[in-house]
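Undergrad: I'd like to ask some things about the structure below.
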Amino acid sequence: MTNNRGAGESDHEEVAGLIPWYVNSSLPDLERLKVDAHLAGCAACRAELFAEQQIFERINGAPAVEYMPAASLKRLQARLDIQQSPTPAMDASGSPAVGSSRVPKQGWKAASIAVMAISISLLLADRWVQFRGQQAAPNYRTVTNSPPRARDEVIRAVFAPTITLVDMQAILEEAQLRIVSGPTEAGVYSLAANSSRPVRASLALLRQHPAVRFAEQTREEPEPGDKP
Amino acid sequence: MTTLGKNSPKEHDSALLRAVAAGDRRALAELYLGYHRRLARFLSRFTPRYENIEEIINDTFMVVWQNANDFRNASLVSTWIIGIAYRTALKSFRSQKNHADMGSLDDHPEQTVDPTNETEVQDWLQHGLSSLPIEQRLTLELAYHMGHSLEEIAAITDCPVGTVKARMFHAREKLRRSLPALSGAAIESPARIG
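Residue numbers (my numbering), protein chains in the order written: chain A, 1 to 228; chain B, 1001 to 1194.
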């Protein structure tokens, strides 16, 4: 008697645990038949089943928003293009992984050496220019004059310090902009237009992105009715 | 788009993933388009912002691209991809702390819900779901929204079946407490079952 009750309770617990998958019709036949048999004699499980069906139907009946994937796919492809540059890859857990990129290791090595060589050259050139500048220019800076504006610059922007190169590139691509200079000491980038899209539209796109801390148009564009 | 013959969806996915492993970007695009709708609808249950949804989907397919070679047919391709999306989403939701910001049911103890008013019930259900710990919510949505079996959810979440059952049990307990209208209706209407 005790054993039978124990077996019944165990059966009840097992069936109660399977009810969500009975509701979504994914139980294998054998288990489904077992649940059917138990439900016939268990009012508590029937009530449980009813409550779960209510939740299931409402979750499935909720209106779904449809999204067009084409633009998102384009941005993924842009990321893949950028991935050719040496950036850390991610493993299946979504964490950065070493050595799992598709670029051959020897290619990485050569690319790293080239990047290092270019970096050293640029550093030396920069030091030389600074040294010459210090000799030629007065050792002060006025606060009323803006630093010279980069050619073609239409927008200045500051990005979140945590933004990755890939994310920045994706944002710029979406806004159809490119970096012409920067970042300055204050982290300001000068951006130029990559297309004939109105600068205001690119600016609006930048401003709505949470990773863009600041964006400002630096060159007025003519209104549609203005003379050239 | 890559055309890989007319075979079952599972075989088609496997063939596409093999092509992705070989570096075929058109196969990746086809796989992406095949999963985007399903993943976007699933993720939109957690966040209304499409940029978050797209970020999770694109991060998922970056991992698919980089790790396609590691797929060993231990599970279905769909389970593997949804498992990657699950981990990516989990990480994203944890970092955004969306759920903590949404408050808990205990913040509104005085509210009642009219079981005859469907909109009220829907709102309350959404509120109840939002109050669940993210692992429990994801488990419940994988079962009820995506229709996955117990074993599939165990594979997707990389957890033992017992853990999946326990998460679902706790989610149901909490929802039942938050949705007395549904539980009450259940007691009054047992005739609808069986």
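Virtual Cβ for every residue (Gly too), placed ideally from N, Cα, C.
Hey, SER1092 (chain B) and GLU1055 (chain B): beta-carbon distance below 8 Å or not?
TA: The residue you call residue 1092 (chain B) lines up with position 92 of the second sequence. The residue you call residue 1055 (chain B) lines up with position 55 of the second sequence. Cβ distance < 8 Å, so SER1092 (chain B) and GLU1055 (chain B) count as in contact.
Undergrad: ASP1013 (chain B) and VAL1064 (chain B): beta carbons closer than 8 Å?
TA: Position 13 of the second sequence, counting from 1, holds the residue named residue 1013 (chain B). Position 64 of the second sequence, counting from 1, holds the residue named residue 1064 (chain B). Against a cut-off of 8 Å, the Cβ pair of VAL1064 (chain B) and ASP1013 (chain B) comes out as no contact.
Undergrad: Quick one: is ILE118 (chain A) buried, meaning 16 or more other Cβ sit within 10 Å of its Cβ, or exposed?
TA: Position 118 of the first sequence holds residue 118 (chain A). Classification of ILE118 (chain A): exposed, given that the 10 Å Cβ count is below 16.
Undergrad: Quick check: what's the CA-CA separation for MET1102 (chain B) versus ARG58 (chain A)?
TA: As a working note, residue 1102 (chain B) is residue 102 in the second sequence. As a working note, residue 58 (chain A) is residue 58 in the first sequence. Per-residue confidence for MET1102 (chain B) stands at a pLDDT of 42, beneath the threshold of 50, marking its modelled position as unreliable; no derived number is given.
Undergrad: Under the assumption that ASN999 (chain B) contacts ALA1021 (chain B) (Cβ atoms under 8 Å), give the Cβ distance between them as a whole number of angstroms.
TA: Chain B is shown from 1001 up to 1194; residue 999 (chain B) falls before or after that span and cannot be answered.
Undergrad: Look at the alpha carbon of GLN176 (chain A) and the alpha carbon of ILE1156 (chain B), and state the distance between them as a whole number of angstroms.
TA: Counting from one through the first sequence, the residue named residue 176 (chain A) turns up at place 176. Counting from one through the second sequence, the residue named residue 1156 (chain B) turns up at place 156. Distance between the alpha carbons of GLN176 (chain A) and ILE1156 (chain B): 38 Å.
Undergrad: Which chain B residues sit within Cβ distance under 9 Å of ASN60 (chain A)?
TA: Within the first sequence, numbered from 1, the residue matching residue 60 (chain A) stands at position 60. Under the 9 Å cutoff, chain B gives TYR1144, HIS1145 and GLY1147.
Undergrad: Within the 8 Å Cβ cut-off, does ILE1187 (chain B) reach chain A?
TA: Sequence index remark: in the second sequence, residue 1187 (chain B) carries index 187 (1-based). For ILE1187 (chain B), the pLDDT reaches just 38, beneath the cut-off of 50, and the residue's location in the model is therefore unreliable, although a value from the coordinates is still provided. True, the Cβ-Cβ gap to chain A drops below 8 Å.
Undergrad: Whole-angstrom Cβ separation of SER202 (chain A) and ILE155 (chain A), contact assumed at under 8 Å?
TA: Taking the first sequence and counting its residues from 1, one reaches residue 202 (chain A) at position 202. Taking the first sequence and counting its residues from 1, one reaches residue 155 (chain A) at position 155. Yes, SER202 (chain A) and ILE155 (chain A) are in contact; Cβ-Cβ is about 7 Å, under 8 Å.
Undergrad: DSSP three-state call for ASP167 (chain A): helix, strand or coil?
TA: Your numbering for residue 167 (chain A) matches position 167 in the first sequence. Helix at ASP167 (chain A).
Undergrad: Any Cβ of chain E within less than 8 Å of the Cβ of ARG1176 (chain B)?
TA: The structure shown has no chain E; the protein chains it does contain are A and B.
Undergrad: Could you name the residues of the same chain whose beta carbon sits closer than 7 Å to that of MET168 (chain A), not counting the 5 residues immediately before and after it, in chain order?
TA: Stepping through the first sequence from its first residue, residue 168 (chain A) is reached at position 168. The residues are PHE159.
Undergrad: Hey, out of B:PRO1160, B:ARG1045, B:ARG1041 and B:ASN1007, whose CA is closest to GLN1122 (chain B)'s CA?
TA: For this step, residue 1122 (chain B) is matched to residue 122 along the second sequence. When each option's Cα is compared against that of GLN1122 (chain B), the closest is B:ARG1045.
Undergrad: Run down chain B in chain order and give the residues with a C-beta less than 9 Å from the C-beta of ARG151 (chain A).
TA: Within the first sequence, numbered from 1, the residue matching residue 151 (chain A) stands at position 151. Result: empty, since nearest Cβ-Cβ is about 32 Å, beyond 9 Å.
Undergrad: I need the DSSP call for PRO1109 (chain B), collapsed to helix, strand or coil.
TA: One-based indexing of the second sequence puts residue 1109 (chain B) at position 109. Since pLDDT at PRO1109 (chain B) reaches only 41, below the 50 mark, its modelled position is unreliable, and the value read off the structure follows with that caveat. Reduced to three states, the DSSP call for PRO1109 (chain B) is coil.
Undergrad: Tell me the DSSP secondary structure of PRO1009 (chain B) in three-state form.
TA: As a working mapping, residue 1009 (chain B) is identified with position 9 in the second sequence. Reduced to three states, the DSSP call for PRO1009 (chain B) is helix.
Undergrad: List the endpoints of the continuous beta strand (DSSP E) containing LEU177 (chain A).
TA: Within the first sequence, the letter at position 177 stands for residue 177 (chain A). Taken as a continuous stretch (DSSP letters only), the beta strand (DSSP E) holding LEU177 (chain A) covers 177-181.
Undergrad: Mark PHE56 (chain A) as exposed unless 16 or more other C-beta atoms lie within 10 angstroms of its C-beta, in which case mark it buried.
TA: By one-based count along the first sequence, residue 56 (chain A) stands at place 56. It is buried - the Cβ of PHE56 (chain A) has at least 16 other Cβ atoms within 10 Å.
Undergrad: Please list, in chain order, all residues of the same chain as ALA71 (chain A) whose beta carbon is under 6 Å from its beta carbon, the five residues on each side excluded.
TA: Here the question's residue 71 (chain A) lines up with position 71 in the first sequence. Closer than 6 Å at Cβ, skipping near neighbours: no residue.
Undergrad: For the stretch 172-195 of chain A, which residues have a CB atom closer than 9 Å to at least one CB atom of chain B, in sequence order?
TA: Listed by position along the chain: nothing, the set is empty.
Undergrad: Return the CA-CA distance between GLU31 (chain A) and ARG75 (chain A), expressed in angstroms with no decimal places.
TA: Within the first sequence, residue 31 (chain A) is the residue found at index 31, counting from 1. Within the first sequence, residue 75 (chain A) is the residue found at index 75, counting from 1. Roughly 45 Å between the two C-alpha positions.
Undergrad: Comparing the C-beta of SER26 (chain A) with each C-beta of chain B, is any distance below 8 Å?
TA: The residue you call residue 26 (chain A) lines up with position 26 of the first sequence. With 8 Å as the cut-off, SER26 (chain A) counts as an interface residue toward chain B.
Undergrad: Using the Cβ count rule (16 or more neighbours within 10 Å means buried), how would you classify GLN208 (chain A)?
TA: Looking up residue 208 (chain A) in the first sequence gives position 208. That one is exposed.
Undergrad: Since LEU1017 (chain B) and PHE1071 (chain B) should fall inside the 8 Å C-beta cutoff, what is the C-beta to C-beta distance between them, to a whole number of angstroms?
TA: By 1-based counting over the second sequence, the position of residue 1017 (chain B) is 17. By 1-based counting over the second sequence, the position of residue 1071 (chain B) is 71. Going by Cβ atoms, the distance from LEU1017 (chain B) to PHE1071 (chain B) rounds to 6 Å, so yes, they are a contact pair.
Undergrad: Would you list, in chain order, the members of the stretch 1149-1167 of chain B that have their beta-carbon closer than 8 Å to a beta-carbon of chain A?
TA: Those would be SER1149, LEU1150, GLU1152 and LYS1165, in chain order.
Undergrad: So with CB distances below 9 Å, who are the chain B contacts of ALA114 (chain A)?
TA: The sequence position of residue 114 (chain A) within the first sequence is 114, counting from 1. Under the 9 Å cutoff, chain B gives no residues; its nearest Cβ is about 23 Å from ALA114 (chain A).
Undergrad: By the 10 Å Cβ neighbour count, where 16 or more other Cβ atoms means buried, how is PHE50 (chain A) classified, buried or exposed?
TA: One-based indexing of the first sequence puts residue 50 (chain A) at position 50. Burial call: buried.
Undergrad: So VAL212 (chain A) packs on ALA170 (chain A), CB below 8 Å; how close in whole Å?
TA: Within the first sequence, residue 212 (chain A) is the residue found at index 212, counting from 1. Within the first sequence, residue 170 (chain A) is the residue found at index 170, counting from 1. Not confirmed; about 12 Å, so no contact.
Undergrad: Helix, strand or coil for PHE1046 (chain B) per DSSP?
TA: As a working mapping, residue 1046 (chain B) is identified with position 46 in the second sequence. Coil.
Undergrad: Sorted by chain position, which residues of the same chain lie with C-beta nearer than 7 Å to ARG79 (chain A)'s C-beta, five sequence neighbours on each side aside?
TA: Reading the first sequence from its first residue, position 79 is the one you call residue 79 (chain A). Contacts found: VAL166 and ALA170.
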